[in-house]
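Asks: Okay, handing you the structure first.
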Amino acid sequence: MKLILKISRTELRNLFYSPVAWFLFIAFLIQSAFFYCRVVQELAKWQTLSLQNSPDFEGFNRSLTQLVFLNPDGIYSNAISNLYLFLPLLTMGIISREINNDTIKLLYSSPVKTRQVVLGKFLALMIFNLLLIAVLGIFMFMGFLNIKNVDSGILLSATLGFYLLICAFGAIGMFMSSLTNYQIVSAIGTFLVIFILNRISGLWQQYDVVRDLTYFLSMRSRAVKMLAGLITSADVIYYMLITSMFLCFTLIKLKGARATIPWYRKAFRYCAVIAAVLLIGYVSSRPGTILYWDTTHDKLLTIHPNTQQVISEFEKGEPLEVTLYSNLLDGVYSRTSPAARNDYMWRLWEKYLRFKPDIKFRYVYYYDVMDGDSLLFKRYPKKSLKEIAEIQAEGNETELSRFKTPDEIRKLIDLSPENKRAVMQLKYKGRTTWLRTFPDTDFWPNEMNVSAAFKRLQMKEMPRVLYTTGNLERDIYKGGEREFMTHSINKINRNSLINLGFDADTISVDLRDIPAGISSLVVADPKTTLSALKEERISRYLQNGGNAYIMGEPGKQEMLNPLLAGIGVKLEEGTLVQVSRHEMPHMLNTCFRPDLYFMADAPGYAKLRSRMNNPKYRDTVKAMTPGAVEVQPTGQTDFTFKPLLVTLSGTFNKMGRLVTDSVAPVFNAAGGDIQKTPFTVFASVTRKLTDKEQRILVAGDADYLSNVRVAGNMIPVSFFSWMDHNKFPVYTPRPDPIDQLFTVSGKAAKVQSVFFIWVLPAVLLLLGSIILIRRKRK
């Protein structure tokens, strides 16, 4: 050990008496200072301006730790991106210098073992790398001073990842230096090896044999996770293996130069090292063998505790099987192809494998189109489906023979209900369910979608929402702009009820009674008078404690008022009007009341709840209600009435016929018009029963849930969740970042910038020059 330390000390002396090491150290400092100070100075300036104009400024609504240190313009991201420019220059002479100066012969002739030489020199590199870490440590310390409640865990994880990475780069550089006497060639070789190991994860991914190998050797994917704040045993072992592998290569090379060894023995040693590294890497990266440490303050890289609870309800020893059906012709094959499998596995499933490592994965590749779909045949005229598939296969650099034909896939499974899109089928204890992909930027299902699919496998029955039919109500099976498909049964909307754990269907109450045990009944804008039988059955359902969502529209109040009388609510006559410069008078801007945000834990509700005590925010969350009537309590029952959506000032209730495409209507008290603030447009009606609370929603507008209005909005989901007593969906709310504010002003940040970018590097440059000049004189 003493010899290793002596060699290390000598190597460090050589490094610090070399202008290259000083140049790299100062250049790294300037780069780090530039990327840190630029972000801090800009954001601190805007925070200062925001506080001057709004003293209750709450922050940037983002984690400043991630923004300053880890985003693409941050200090760590750029340090790693430019690292390959620094390390080759540092390591290019670490072995070749001994060869060129003939000092290697002295080492060989001395009682020093080759491994001591290699370890001593590498220890010197590790110590120099700690100086680079110290540079980052300066800005970590400044981060603690400049950012309020900095997320220190992320910084520690990123620093560990950075250090392991530069040590691995150092080992690569040492090996390349041992291969040649020419330092420039060594530097270029190091650069090429680092470049290949950074990019190799994207090579030959379509081939099953090499996919796992190239992904294992990739450095970039490992660094990204540690930079984000997730430390895993597999990643730490990976960097240790890569470092050890190249150190062993260096040892084999130097021993081969010291003694005459046949080439096949050298080759065997290299292969043995590679095989050992791959074996250990494979074993250490298997699901169930990986240890995880999420260093983020709010455990953002770990699935939500609610999701963990769902996974814990799977029986131990009962495997979950996931089959991905990938269609060559569905337009998104590139996301589900074998070349994208590692992205599919590690981006989508790794966080669940952490808690259930016995998930089994299968893949079925096929080509087919829906019956009657002529789009591809128009794009490729006079081509058969097989010929079109061959063109697509060639474009995706794959063989058509690996895909099942339309006849084969149709015999295996009917994917028509899923429109033959990319979809996953989950199987558990004989039950199956679908987990869908979506035509948005995220593509893969989110945590709420996955949790809902898991619950479907665990439960015999899911909460059911039934929509009444028979009186021209809004239809969940139609795609028109006024209909209700999007929020209910639309399979390609990730926030639709069926993708969040609910079952949705229609019911003709005239033909059969309302079944017991449903989550809620929806009566949406009937346009004709309800039959006596239908009204009696719905009234009995409500009297027995059933939950419901009842919606009316202007001009049709009398269709629902007899039904609503039993729960102490009435839809008032007339149409609510809001004269606006930009919209027709029946297009109302309404605002949510605080009670709505306590209905469920939908995304964003926690922040809105925290703001309700501030009058500034009480009417800032608005909703457009095109054509609405007032919902008014009659006070004749034991139900509790709470307004959830109310109008803004200036709204009045227009009696009689409203013309929306002419001159603006005028308030006419003599004609029966009513003006007050506010009118209630949407309300909850509840009462306590023996074993539960009955929950009913009444709305004076049905368009809020229409296809054209709801889009991907999560607020309607919270309504159905509330009526289901928040059993579904499985919400995964995340708290706001704790580090949203700077403690430094814009002016102070500017002074910091000058010091770290100009003054400190100048001092180090002067110090380095003095040391080098004095060394040269000696």
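Letter by letter, the sequence shown follows residues 380 to 1157 of our numbering. Idealized CB from N, CA, C, for every residue including glycine.
(1) Is DSSP giving residue 1162 helix, strand or coil here?
(2) Closest to residue 916 by C-alpha separation, out of 898, 929, 931, 891, would be which residue?
(3) Could you check how far apart the C-beta atoms of residue 1102 and residue 928 are, in whole angstroms? I think they sit under 8 angstroms.
(4) Which residues does DSSP list as the beta-bridge partners of residue 323?
(5) Can you name, in chain order, every residue of its own chain whose Cβ lies under 7 angstroms from the Cβ of residue 1174, other than the five neighbours on each side?
(6) Assuming residue 810 is part of the beta strand (DSSP E), what are its boundary residues?
(7) Have a look at residue 1029 and residue 457 and give me their C-alpha separation to the nearest angstrom.
(8) What residue does the beta strand (DSSP E) around residue 1012 start on, and which one ends it?
(9) How should residue 1009 be labelled, buried or exposed, when 16 other C-beta atoms within 10 angstroms of its C-beta is the threshold for buried?
(10) Is residue 627 buried or exposed, if buried means 16 or more other CB atoms sit within 10 Å of its CB?
(11) Among 634, 576, 465, which one has its Cα closest to the Cα of residue 494?
(12) Going by DSSP in three states, residue 899 sits in which element: helix, strand or coil?
(13) Rounded to whole angstroms, what is the Cα-Cα separation between residue 1115 and residue 1136?
(14) Since residue 345 sits in a beta bridge, which residues does DSSP pair it with?
(15) Could you tell me which whole alpha helix (DSSP H) segments of length 4 or greater appear in the segment 884-970?
(16) Excluding sequence positions up to five away, which residues of its chain have a Cβ less than 6 angstroms from the Cβ of residue 390?
(17) Give the C-beta separation of residue 781 and residue 744 to the nearest angstrom, bearing in mind that I take them to be a contact with Cβ-Cβ under 8 angstroms.
(18) On the criterion of 16 or more Cβ atoms from any shown chain inside 10 Å, does residue 562 qualify as buried, or is it exposed?
(19) Taking the alpha carbon of residue 707 as the reference point, which residue from 783, 730, 857, 758 has its own alpha carbon closest?
(20) Give me, in chain order, the residues of the same chain whose beta-carbon lies closer than 8 angstroms to that of residue 449; leave out the 5 immediate sequence neighbours on both sides.
(21) In chain order, what residues of the same chain lie with their CB nearer than 6 angstroms to the CB of residue 843, ignoring the 5 residues before and after it?
(22) Please say whether residue 397 and residue 475 have beta carbons closer to each other than 8 angstroms?
(23) Is residue 654 buried or exposed, if buried means 16 or more other CB atoms sit within 10 Å of its CB?
(24) Between 663, 961, 943, which has its C-alpha nearest residue 920's C-alpha?
(25) Are the segment 904-911 and the segment 834-853 touching, with three or more C-beta to C-beta distances below 8 angstroms?
(26) Can you tell me where the alpha helix (DSSP H) holding residue 674 begins and where it ends?
(27) Would you mind reading off the limits of the beta strand (DSSP E) that contains residue 807?
(28) What's the C-alpha gap between residue 926 and residue 661?
(29) For residue 514, would you say it is in contact with chain D, using Cβ-to-Cβ distances shorter than 8 angstroms as the test?
(30) Along the chain, where does the beta strand (DSSP E) that runs through residue 610 open and close?
(31) I'd like to know whether the C-beta atoms of residue 459 and residue 602 end up nearer to each other than 8 angstroms.
(32) Pop quiz: residue 535 and residue 598 are said to be a contact at Cβ under 8 angstroms. What is the actual Cβ separation, rounded to whole angstroms?
(33) Can you name the start and end residues of the alpha helix (DSSP H) that residue 553 belongs to?
(34) Candidates 682, 724, 732, 681: which alpha carbon is nearest residue 668's?
(35) Under three-state DSSP, which class holds residue 760?
(36) Could you have a look at residue 863 and say whether DSSP puts it in helix, strand or coil?
Replies: In this structure, then:
(1) Nothing can be reported for residue 1162, as the shown portion of the chain is limited to 380 through 1157.
(2) Translated into the one-based positions of the sequence shown, residue 916 becomes position 537. Out of 898, 929, 931, 891, 891 has the C-alpha closest to the C-alpha of residue 916.
(3) On the sequence shown, position 723 is the one that residue 1102 refers to. On the sequence shown, position 549 is the one that residue 928 refers to. Indeed, because the Cβ distance is near 7 angstroms, the residues count as touching under 8 angstroms.
(4) One cannot answer for residue 323 here, as it falls past the ends of the chain, which runs 380 to 1157.
(5) As displayed, the chain neither begins before 380 nor continues past 1157, which places residue 1174 out of reach and without an answer.
(6) What you label residue 810 is simply residue 431 of the sequence shown in a count that begins at 1. That run of the beta strand (DSSP E) goes 810-815.
(7) Walking along the sequence shown from the start, residue 1029 turns up at place 650. Walking along the sequence shown from the start, residue 457 turns up at place 78. For residue 1029 and residue 457, the gap between their C-alpha atoms comes out near 54 angstroms.
(8) Taking the first residue of the sequence shown as position 1, residue 1012 is located at position 633. Its beta strand (DSSP E) spans residues 1010-1012.
(9) Reading the sequence shown from its first residue, position 630 is the one you call residue 1009. Classification of residue 1009: buried, given that the 10 Å Cβ count is 16 or more.
(10) Counting from 1 along the sequence shown, the entry for residue 627 is found at position 248. Counting other Cβ atoms within 10 Å of its Cβ, residue 627 reaches 16 or more and is therefore classed as buried.
(11) Position 115 of the sequence shown holds residue 494. Residue 494 has its Cα closest to that of 634, out of 634, 576, 465.
(12) Looking up residue 899 in the sequence shown gives position 520. Strand at residue 899.
(13) By 1-based counting over the sequence shown, the position of residue 1115 is 736. By 1-based counting over the sequence shown, the position of residue 1136 is 757. Residue 1115 and residue 1136 have their C-alpha atoms some 33 angstroms from each other.
(14) Lying outside 380 to 1157, the shown extent of the chain, residue 345 is not represented and no answer is given.
(15) As for any alpha helix (DSSP H) of minimum length 4 sitting wholly inside the segment 884-970, the runs are 911-922, 936-943, ordered along the chain.
(16) Here residue 390 refers to the residue found at position 11 when the sequence shown is read from its first residue. Taken in chain order, the residues that qualify are 500, 503.
(17) On the sequence shown, position 402 is the one that residue 781 refers to. On the sequence shown, position 365 is the one that residue 744 refers to. The beta carbons of residue 781 and residue 744 sit about 6 angstroms from each other, so the pair counts as a contact at 8 angstroms.
(18) Residue mapping note: residue 562 aligns to position 183 of the sequence shown, counting from 1. Residue 562 sits buried, since 16 or more C-beta atoms from the chains shown fall within 10 Å of its C-beta.
(19) Taking the sequence shown and counting its residues from 1, the one referred to as residue 707 is at position 328. Per the Cα distances, 783.
(20) The residue given as residue 449 occupies position 70 in the sequence shown. Excluding five sequence positions before and after residue 449, the CB atoms of its chain that fall closer than 8 angstroms to its own CB belong to 455, 456, 533, 537, 606, 607, given in chain order.
(21) Numbered from 1 along the sequence shown, position 464 holds the residue referred to as residue 843. Within the same chain, Cβ atoms closer than 6 angstroms to the Cβ of residue 843 are found at 882, 897, 898, the five residues on either side in sequence being excluded.
(22) To locate residue 475, count along the sequence shown from 1; it is residue 96. To locate residue 397, count along the sequence shown from 1; it is residue 18. With respect to residue 397, residue 475 sits apart: the two C-beta atoms are not nearer than 8 angstroms.
(23) Against the sequence shown, residue 654 aligns to sequence position 275. Exposed is the call here.
(24) The count along the sequence shown starts at 1 and reaches residue 920 at position 541. Between residue 920 and the set 663, 961, 943, the nearest pair of CA atoms involves 943.
(25) They touch, by the three-pair rule.
(26) Along the sequence shown, read from residue 1 onward, the residue named residue 674 stands at position 295. Here residue 674 belongs to no alpha helix (DSSP H), and DSSP marks it neither H nor E.
(27) Counted from its first residue, the sequence shown places residue 807 at position 428. Its beta strand (DSSP E) spans residues 802-807.
(28) For this step, residue 926 is matched to residue 547 along the sequence shown. For this step, residue 661 is matched to residue 282 along the sequence shown. Annotation: residue 926 to residue 661 spans about 53 angstroms, alpha carbon to alpha carbon.
(29) The question asks about chain D, but that chain is absent: this structure has only one protein chain.
(30) Locating residue 610 in the sequence shown gives position 231, counting from the first residue. Looking at the DSSP string, the run of the beta strand (DSSP E) that includes residue 610 is 609-611.
(31) Walking along the sequence shown from the start, residue 459 turns up at place 80. Walking along the sequence shown from the start, residue 602 turns up at place 223. Their beta carbons are under 8 angstroms apart, which means residue 459 touches residue 602 by this criterion.
(32) Within the sequence shown, numbered from 1, the residue matching residue 535 stands at position 156. Within the sequence shown, numbered from 1, the residue matching residue 598 stands at position 219. Incorrect: roughly 20 angstroms between the Cβ atoms, too far for contact.
(33) If you number the sequence shown from 1, residue 553 lands on position 174. Its alpha helix (DSSP H) spans residues 531-558.
(34) Here residue 668 is taken as the residue at index 289 of the sequence shown, counted from 1. Ranked by Cα distance from residue 668, the first of 682, 724, 732, 681 is 732.
(35) The residue you call residue 760 lines up with position 381 of the sequence shown. Per DSSP, reduced to three states, the secondary structure at residue 760 is coil, with no helix or strand assignment.
(36) Your numbering for residue 863 matches position 484 in the sequence shown. Residue 863 sits in coil when the DSSP states are folded into three classes, being neither helix nor strand.
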